[in-house]
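Enquirer: Top line first, the protein sequences correspond to chains A and B.
The first sequence lines up with residues 1 to 100 when you count with this note's numbering.
The second sequence lines up with residues 1001 to 1285 when you count with this note's numbering.
What follows is a structure written as structure tokens; I'll ask about it next.
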Amino acid sequence: MSDPRQAWFARMMESGLENSIFAPSDVLAHATPDVLATNLPPELLSKILAASLAAGAMTPERVLETLTPEVLAAHVPHDVLWACIAAAAARAGVTGTRSS
Amino acid sequence: MNIKAFFVATLTSALDLGIATPDDVLRHATADVLSIHLPRPLWARLLTAALGAPRLDAQLIIDTVGVPNLCEHIPSSIIWACVAEIGQRALSGAPAQPISRQAAATPPSGVKSIPLAAPPPEVKREAPPPEPKREPLPDIKREAPARVPAAPAAAAAPAPKLSDGLADVAAALEADERELSPSGRARSNTGPRFRQAGTGIGRLAAINTRRPQAPAPAPEEPARAAASSAARPARRGAGEVEGAYELESEVKEDWKSSLAVEDEQLVDWQGGEETQTAAEEYRKR
């Protein structure tokens, strides 16, 4: 991953999921099917579908098993990912005005 | 939800990747903010580092306090404001930062002149010349491969017999090496030889043809011990002697096993007549 910004977004997505700042469903609320269909390459779309077919259901968790943070950062527009992060930060109550 | 861990990961990676610089962090975690929220021990650490550093900058502060401590003690809203600014800048496509964190860690030219690593190269340059003198090492190994494989001067020394003590061999090697090596030459550290001299194993090997000797009590002790051993089998003095023997045996287990001492010879040491006779002999000596 040569682009530092891409690496940073991947790390933020990874940490956000690890620390339950947001859930896979929150990610897919921003990285909607339209966004994924528009931005993911065919092989990734095929992989998601195949994995879901094999499991019998397509869940956000299963989708994110294929769409790892690195893959998300590589293919999903960063403003979409940032919107996901910012929304999670707002939910966590850390986006208020600065207290000195 | 662990928002602080998320902030730590986010800020750390941003700094590592050059997305953000320490200055970006200190724009939000200002001195006022730090003074209010940073615990005193961290302030003490920061002051110590700042006083000891040739110059104080944001890099030093971040490195000293640490991102985890900042995220732990600074209010999350402030940290988020910092992250949000970094994120917005990253999204805008503006050049993240001219220099990465690693580059920022490089001291400026004025500070660079601290001669931390100057002496070692000179020492290394002096070391190679003695190498050619070690060439006869294979011959030495061919002549005396059994006991002294690492000593270069063993070629000149006669091959020691197995019955010779290791201490004698070591002494001979020392003498020969003193003759062969020039005064200023650096000598390689031959570990086994010094270990023998330090532990006394060589001295013990030299006397291993003799009968094993347990430490005898003081001259007047055997008679008293023989008289009272039946009544008091667990005397304090006897225990000490036995303890001393055990202590010694721990150090010299290698030779002890080679002597094949029977248990009977050791058990009745103080009570037996043979022992008393031996003690008498020792007293004469």
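All residues carry an ideal CB built from backbone N, CA and C; glycine is no exception.
#1: Suppose the cutoff is 6 angstroms on Cβ atoms and the five residues either side in sequence are ignored; what does the same chain contact list for residue 70 of chain A look like?
#2: Beta-carbon within less than 6 angstroms of residue 1068 of chain B's beta-carbon, same chain only, minus the 5 sequence neighbours each way: which residues are those?
#3: Is the shortest distance between the beta-carbon of residue 1043 of chain B and the beta-carbons of chain A less than 7 angstroms?
#4: With a 10 Å radius around its C-beta and 16 neighbouring C-beta atoms as the bar for buried, classify residue 1036 of chain B as buried or exposed.
#5: Measuring only between beta-carbons, confirm whether residue 96 of chain A sits less than 7 angstroms from chain B.
#6: Would you grab the beta carbon distance between residue 60 of chain A and residue 24 of chain A for me? Rounded to a whole angstrom, and I think it's under 8 angstroms.
#7: What number of angstroms, rounded off, separates the C-alpha of residue 21 of chain A from the C-alpha of residue 1043 of chain B?
#8: Sort B:1079, B:1092, B:1074 by Cα distance to residue 82 of chain A and report the nearest one.
#9: Quick one: what does DSSP say residue 1055 of chain B is sitting in, helix, strand or coil?
#10: For the alpha helix (DSSP H) containing residue 1006 of chain B, list its first residue and its last residue.
#11: Check for me: the alpha helix (DSSP H) holding residue 85 of chain A runs from which residue to which?
#12: Would you tell me roughly how many angstroms separate the C-alpha atoms of residue 84 of chain A and residue 1055 of chain B, rounded to the nearest one?
#13: Tell me the rounded alpha-carbon separation between residue 80 of chain A and residue 1057 of chain B.
#14: Ignore the nearest five residues each way along the sequence and tell me which others in residue 95 of chain A's own chain have a CB closer than 6 angstroms to its CB.
#15: Taking 8 angstroms as the limit between beta carbons, can you name the residues of its chain near residue 1062 of chain B, skipping five residues before and five after?
#16: Closer than 8 angstroms, Cβ to any Cβ of chain B: which residues of the region 40-61 of chain A, in chain order?
#17: If you measure beta-carbon to beta-carbon, which residues of the region 14-41 of chain A are closer than 7 angstroms to chain B?
#18: How would you write the range of the alpha helix (DSSP H) that residue 1077 of chain B sits in, first residue to last?
#19: Let's test the definition: count the other Cβ atoms within 10 Å of the Cβ of residue 1040 of chain B and tell me whether it reaches 16, buried, or not, exposed.
#20: Would the C-beta of residue 88 of chain A count as close to the ligand MN, meaning under 6 angstroms from any of its heavy atoms?
#21: What whole-angstrom Cβ distance do residue 4 of chain A and residue 1019 of chain B have, given they're in contact under 8 angstroms?
#22: Residues in the region 1003-1017 of chain B with C-beta within 7 angstroms of chain A's C-beta atoms, listed in sequence order?
#23: Can you tell which of A:74, A:86, A:91 has its C-alpha closest to the C-alpha of residue 7 of chain A?
#24: For residue 1074 of chain B versus residue 1031 of chain B, is the C-beta spacing smaller than 7 angstroms?
#25: Would you report the Cα separation of residue 1106 of chain B and residue 72 of chain A, rounded to the nearest angstrom?
#26: Could you list which residues in chain B have their beta carbon closer than 7 angstroms to that of residue 4 of chain A, in chain order?
#27: Is residue 78 of chain A close to chain B, meaning its C-beta is less than 7 angstroms from at least one C-beta of that chain?
#28: Taking the straight line between their C-alpha atoms, what separation do you get for residue 35 of chain A and residue 1050 of chain B?
#29: Please compile the residues from chain A whose C-beta is within a distance smaller than 8 angstroms of the C-beta of residue 1091 of chain B.
#30: Could you tell me the alpha carbon to alpha carbon distance between residue 1059 of chain B and residue 55 of chain A, rounded to whole angstroms?
#31: Going by DSSP in three states, residue 19 of chain A sits in which element: helix, strand or coil?
#32: Give the straight-line distance between the Cα atoms of residue 15 of chain A and residue 1011 of chain B, rounded to the nearest whole angstrom.
#33: Anything in chain B within Cβ reach of residue 7 of chain A, meaning under 8 angstroms, just list it in chain order.
#34: Residue 101 of chain A versus chain B: which residues are under 8 angstroms apart at the beta carbon?
Expert: In this structure, then:
#1: 10
#2: 1008
#3: no
#4: exposed
#5: yes
#6: 4 angstroms
#7: 30 angstroms
#8: B:1092
#9: coil
#10: 1003-1017
#11: 78-92
#12: 40 angstroms
#13: 35 angstroms
#14: 89
#15: 1015, 1022, 1025, 1026, 1070
#16: none
#17: 15, 16, 19, 20, 21
#18: 1076-1092
#19: exposed
#20: In terms of ligand content, the structure shown is empty, and the ligand MN therefore cannot be addressed.
#21: 6 angstroms
#22: 1003, 1005, 1006, 1009, 1010, 1013, 1014, 1017
#23: A:74
#24: no
#25: In this predicted model, residue 1106 of chain B has a pLDDT of only 43, less than 50, meaning its place in the structure is not dependable enough to derive any value.
#26: 1017, 1018, 1019, 1096
#27: yes
#28: 49 angstroms
#29: 78, 79, 82
#30: 49 angstroms
#31: coil
#32: 11 angstroms
#33: 1013, 1017
#34: This structure gives no information on residue 101 of chain A, because the portion of chain A shown stretches from 1 to 100.
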